[in-house]
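Start counting at 1 in the sequence shown, then tack on 47, and there's your number in the working numbering.
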Amino acid sequence: MRRIRSIPGVAFGTSAYLIWGLFPAFFGLLAFASAVEVLAQRILWTLAVVLAVLVVTGRLREMAGIGARTWRLAALASAAISINWGVYVYGVTSGHVVECALGYFVNPLVTVGFGVIIFRERLRRAQWAALGLGAAAVAVLTVDYGRPPVIALALACSFALYGLVKKVIRLDALRGIAAEGIVAAPFALAFVLVLLFTGRSEFTSGAGHAALLMSTGPVTLVPLLLFAIAAQRVPLSTMGLLQYLTPALQMAWGVAVVHEPMPASRWAGFGLIWAALAIFTTDALLRARRGRRAPAPVSPAETPAP
């Protein structure tokens, strides 16, 4: 534990985003199974691993204290992340890695858009400019692909919704992942059993396939735990910059390794997205710097809940 505490928080955050950035390499190995089967197995094995961690750390009893409202929020978060996971696996295994990367580039802009639509937040000029460039990028990419970038938009919207729910749910990382898994597990288990009884399960087709599907549990949980540690130690502005490591690595994998086509029109669309993110990130960093220079007094009502 002393060694863990001595490691800089940025190292944990960088490790988490690097692992997520290399997900195309891992999930590309699972192309032998359907995206839905991979999703079901991933839900079950992630739940198994996180429950094991809770048992080892003596925290399993804490699950009993979760209230009904929190379970409802966990169900919504579970639905959002399940959609995200399923679409991502489908995108990677069907040769749309670059479009998956686009989804995570667009995600911060979608989150801001959700804030306007759901919470009636007022945007600054820089944020409006970033959203406008983002919308223009989607239009350019729609023309380029000959269709809307559905995979990218589905990933961005589902992850933005997941992030919004996680902001209001009162659960730490481990219990949150466990609660989301418990909600989704009956559906995942039912699907796995149907595949088993109908002879269509890839899990039973060989030890190698079974090992790969089982490994989705720790592969999913490890970066989440690294991220949770980093989030407690690293300023949000730094985490905001680190998050772009993931889609950058995924895009590099799609272009350089699996050689997905990148015509000039597609580069133009990505260029607009990167310009929007540059404006968005610069504005956020400037506001964070001004906030540190002029700290506002914290009233009792603003102190975080225990």
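Heads up, the beta-carbon is just placed ideally off N, CA and C, and yes, glycines get one too.
Contact under 8 Å by Cβ, residue i with residue j
i	j	result
E249	F59	no
I224	L273	no
T328	G228	no
A323	L188	no
T117	L180	no
T293	Y64	yes
I320	V134	no
P265	V96	yes
L101	L221	yes
A82	T140	yes
E146	P195	no
D330	A226	no
Buried or exposed by the 16-neighbour rule on C-beta atoms within 10 Å, applied to residue i
i	result
H306	exposed
S252	exposed
E84	buried
L243	exposed
L240	exposed
E168	exposed
R334	exposed
R108	exposed
F166	exposed
W132	buried
I326	buried
W67	buried
T104	exposed
P310	exposed
P351	Unreliable positioning characterises P351 in this predicted model, as indicated by a pLDDT of 34, which lies under 50. The coordinate reading is nonetheless provided below. When all chains shown are included, P351 counts as exposed.
Q279	exposed
A115	exposed
V230	buried
A303	exposed
G354	For the chain, the structure presents residues 48 to 353; residue 354 sits outside this window and is missing.
G255	exposed
P353	With a pLDDT of 38 at P353, under the threshold of 50, the predicted position of this residue should be treated as unreliable, though the coordinate-derived value follows. Exposed, because fewer than 16 other Cβ atoms sit within 10 Å of the Cβ of P353.
V190	exposed
G160	buried
A348	Here A348 scores only 34 on pLDDT, less than 50, and its place in the model should not be relied on; the value that follows carries that caveat. Label assigned to A348: exposed.
I164	exposed
R336	exposed
Contact belief for residue i with residue j at Cβ below 8 Å, rounded distance in angstroms
i	j	result
A203	G150	5 Å
V144	Q297	6 Å
A148	G301	6 Å
G56	V281	4 Å
I198	G138	5 Å
A87	A186	Their Cβ separation, rounded to whole angstroms, is 36 Å, which puts A87 and A186 out of contact at 8 Å.
R89	T267	6 Å
A237	T158	So it is not a contact: roughly 32 Å between Cβ atoms.
Cβ of residue i within 8 Å of any chain B Cβ
i	result
A99	Checking the listed chains, one finds no chain B in this structure; it contains a single protein chain.
(message) When you compare the stretch 246-260 with the stretch 312-326, are there three or more beta-carbon pairs, one atom per stretch, that lie closer than 8 Å?
(response) no
(message) Using a Cβ distance threshold of 8 Å, determine whether the stretch 114-128 contacts the stretch 68-78, with at least three qualifying pairs required.
(response) no
(request) Say whether the stretch 108-127 touches the stretch 207-220, bearing in mind that this needs 3 or more beta-carbon pairs closer than 8 Å, one atom from each stretch. (result) yes
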